[in-house]
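Novice: First, the structure itself, so that you have it in front of you.
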DNA sequence: CGGAAAAAGTATCCGTGTAAACAATTTCCT
DNA sequence: AGGAAATTGTTTACACGGATACTTTTTCCG
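Protein chains in written order, with our numbering: chain P, 1 to 158; chain G, 1001 to 1158.
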């Protein structure tokens, strides 16, 4: 018997120069990467943003909350919520240092560290070259190019 | 006098192998691309999603709403809202064809077409190679690699 | 010193996008 | 034919993430 063959007939849509826009292509690929991530981690409570925060704190204990936010391109207001949730879950510790009582230093608890260790392998495997349809070489090229992107603004004045 | 030099002192944060994950890198770059887009179009009512929808409809008049949604990786529930808003704004027309009265066919109004024409140039200029710090060649390479990405799932069974 | 300005983080409200349940229509199968 | 199943789009309820305004603390000068 043949496989189901679902959705074989899908209309072809003309996109024009849209496929030549990095903005559009980044959006498309990022959405699909997210979907792949959630499929791979379905059944667990691992979310990309949260896990990334824990990952970075594992490498940088005592990091300031604001520095973490800027590094991961997360806005302060959202970082507050993320941190509250992860602290509530028992994965990280908030500490207000005496030398600057405005700031908050973050570090992992034992549970947080264990959580990172437990999912570290799968986290890196999800988007491995073979899982995204690239060769090792292409994968490296892609990372290099993504790392080069700057998004500087070019003012309209001459 | 010297320039302001703000934010010169920014802590260095160790990211480890995070920078070797396409998922993470796609997320970082996409967020920055969005920011660049909104900066460029500040003062206008142009949003990436909406404009992309109008763009595709300009190239594919009479496209079905569902086909459009699948093409642009937009979920049906959200596409409904997008279409309602754009129809309200007078940019597109919804039409229920007699041969399948479940579906909705979309096409641009004159105002919608004019809107696309008015911002077409800037839309393509925003993320032009020079504005994202890449050479023409690198830009083409990046587009090719992004186009190759597949995000197939690899089941755990051997 | 002492007040103005800046910095860090938080609370509140809003926009974007999704999942799940639903209504309407068409197709499929016997 | 006629009822089950699939398809299409919408409604509703909610999660994610950001903008803005605010509180607390520190810094910056006079």
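Beta carbons: idealized from backbone N, C-alpha and C, even for Gly.
(1) CA-CA distance, residue 1143 (chain G) and residue 29 (chain P)?
(2) Determine which residues of the stretch 1042 to 1058 of chain G have a Cβ less than 9 Å from any Cβ of chain P, and write them out in chain order.
(3) Could you have a look at residue 85 (chain P) and say whether DSSP puts it in helix, strand or coil?
(4) If we cut at 7 Å on Cβ distances, does residue 1033 (chain G) have a partner in chain P?
(5) Quick check: the stretch 124 to 140 of chain P against the stretch 1143 to 1154 of chain G, are there 3 or more CB pairs under 8 Å?
(6) Give a yes or no on whether the minimum CB-CB distance between residue 1119 (chain G) and chain P is below 7 Å.
(7) Taking C-beta pairs closer than 9 Å, name the residues in chain G that residue 16 (chain P) reaches, listed in chain order.
(8) Assign residue 1023 (chain G) to buried or exposed, taking buried as 16 or more other Cβ atoms, counted over all protein chains shown, within 10 Å of its Cβ.
(9) Can you name the residues that DSSP bridges to residue 1095 (chain G)?
(10) Show which residues of chain P have a CB atom less than 7 Å away from the CB atom of residue 1028 (chain G).
(11) Does the beta-carbon distance from residue 64 (chain P) to residue 103 (chain P) come in below 7 Å?
(12) Counting only beta-carbon atoms, is residue 1065 (chain G) nearer than 7 Å to chain P?
(13) With DSSP as the reference, label residue 63 (chain P) as helix, strand or coil.
(14) Could you check the C-alpha separation between residue 148 (chain P) and residue 1039 (chain G) for me, to the nearest Å?
(15) Quick one: Cα of residue 1072 (chain G) to Cα of residue 26 (chain P), how far?
(16) Please state whether the Cβ-Cβ distance between residue 55 (chain P) and residue 116 (chain P) is less than 7 Å.
(17) Using three-state DSSP, classify residue 1004 (chain G) as helix, strand or coil.
(18) Of all Cβ atoms in chain P, is any one closer than 7 Å to the Cβ of residue 1094 (chain G)?
(19) Could you tell me if residue 96 (chain P) is buried or exposed, where buried requires 16 or more neighbouring beta carbons within 10 angstroms of its beta carbon?
(20) Output needed in chain order: residues of the stretch 127 to 156 of chain P with a Cβ under 8 Å from some Cβ in chain G.
(21) Looking only at its chain, what residues have a beta carbon closer than 6 Å to the beta carbon of residue 1076 (chain G), apart from the 5 residues adjacent to it on each side?
(22) For residue 133 (chain P), does the three-state DSSP call read helix, strand or coil?
(23) Tell me which same chain residues have a C-beta within less than 7 Å of the C-beta of residue 1090 (chain G), skipping the five on either side of it?
(24) Do residue 1138 (chain G) and residue 145 (chain P) have their C-beta atoms closer together than 7 Å?
(25) I'd like the span of the alpha helix (DSSP H) that includes residue 114 (chain P), first residue to last.
Specialist: Per the coordinate set shown:
(1) 11 Å
(2) Against chain P - using a Cβ distance shorter than 9 Å - the residues of the stretch 1042 to 1058 of chain G are 1048, 1049, 1052, 1055, 1056 and 1058.
(3) helix
(4) yes
(5) yes
(6) no
(7) 1055, 1056, 1058 and 1059
(8) Counting every other CB atom within 10 Å of its CB across the protein chains shown gives residue 1023 (chain G) a total of 16 or more, marking it as buried.
(9) G:1105
(10) 73
(11) yes
(12) No, residue 1065 (chain G) lies away from the interface with chain P (no Cβ there is under 7 Å from its Cβ).
(13) strand
(14) 20 Å
(15) Those two C-alpha atoms are separated by around 12 Å.
(16) yes
(17) In this predicted model, residue 1004 (chain G) has a pLDDT of only 38, less than 50, meaning its place in the structure is not dependable; the value taken from the coordinates is given anyway. Note: residue 1004 (chain G) maps to coil in three-state DSSP.
(18) Nearest CB-CB separation between residue 1094 (chain G) and chain P: not below the 7 Å threshold.
(19) The residue is exposed, with fewer than 16 neighbouring Cβ atoms inside 10 Å.
(20) Answer set for the stretch 127 to 156 of chain P: 127, 130, 131, 132, 133, 134, 138, 139, 141, 142, 143, 145, 146, 147, 148, 149, 150, 151, 152, 153 and 154.
(21) 1069
(22) coil
(23) 1109 and 1111
(24) Less than 7 Å separates the beta-carbon of residue 1138 (chain G) from that of residue 145 (chain P).
(25) 110 to 126
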